[in-house]
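Right, one structure below, let's go through it.
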Amino acid sequence: AALAEASGLGRVFETKEQDDAGPPVSFNASAIAEAESQVQAFNKTAIDFAARADNFNALHLHTRSKILSRTRVLINRQADYFKRTLNELADPVAKAKRLNVLSAEEAGNMRELVATLKGRIKFKEEQLDKTMDKYAPAR
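Count the sequence shown with the numbering used here and you get residues 50 to 188, in order.
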């Protein structure tokens, strides 16, 4: 919810009772919390990687290569997990929209949040690519 509040979408996750038949749709709060923790973990990984870059430059080429490939695997695994979490988050939006539980504005806000999170993943991956190009041995 911290991410939702920071982006001005604090009320997006509230659900409304459906006037006609059927139970209200509730968003997967754990998926939202998981997505936020993944953003923080992703940021921390990128910061840690950058902080170690100067020491890293003094290492032997073979050692640097191994560290970079390990880091790439870990980042990719984290990104894949994060993307799966985002898909879980996006699915209730579609379901709620079908049931007309969300107003068009709320559904739009929810989609915007998911797009923002996906944008952050892409940005972090690009940053990592630049860092790796800078410190990796010439290929």
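Glycine included, each C-beta is placed from N, C-alpha and C at the ideal position.
The criterion of a C-beta distance shorter than 7 Å is satisfied by residue 88 and residue 169.
For residue 165, the number of other beta carbons within 10 angstroms of its own is below 16, and it is reported as exposed.
Listed in chain order, the non-local C-beta contacts of residue 121 below 8 Å within the same chain comprise 177, 181, local neighbours out to five positions each way being set aside.
If the five residues before and after residue 135 are omitted, its C-beta is found closer than 7 Å to the C-beta atoms of 84, 163, 166, 167, all from its own chain and listed in chain order.
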